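To keep things clear, I will list the structure first and then write my remarks on it.
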Amino acid sequence: MSLQDEPDGARLITTGEAARLLGVSQPTLNRAVRRGLLHPTLTTPGGHRRFDSAELSAALYFEDEI
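For what it's worth, the working numbering labels the leading residue of the sequence shown as 4, then goes sequentially.
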């Protein structure tokens, strides 16, 4: 899993890595973002989402809603 470090210390992961961490497909993860259940920490200029690994760990507690 490739993690990116941001200046504020956040550990950012890709959409695919986030989906694997949560045990869902990428379309399911994207649907959760559209529904407001998850929020990307960063969106790149190319439109790619990055998620904070710590926030996703917290999201595991709400897995049934995703």
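By construction, the Cβ of each residue, glycine as well, lies at the ideal position given by its N, Cα and C atoms.
Since we're looking at a predicted model, the values are computed, not measured.
Per-residue burial, residue i [other beta carbons within 10 Å of its own, 16 or more giving buried]
{"i": "residue 40", "result": "exposed"}
{"i": "residue 53", "result": "buried"}
{"i": "residue 74", "result": "Residue 74 lies beyond the range of the chain shown here (4 to 69); nothing can be said about it."}
{"i": "residue 63", "result": "exposed"}
Cβ neighbours of residue i in the same chain (closer than 8 Å, five flanking residues each side left out)
{"i": "residue 46", "result": "52, 53"}
{"i": "residue 59", "result": "16, 21, 24, 25, 41"}
{"i": "residue 29", "result": "18, 19, 22"}
Those residues which DSSP pairs with residue i across a bridge
{"i": "residue 47", "result": "Answer by DSSP bridge pairing: none, since residue 47 is not bridged."}
Contacting residues, own chain, Cβ-Cβ under 6 Å from residue i (five flanking each side not counted)
{"i": "residue 56", "result": "14, 16"}
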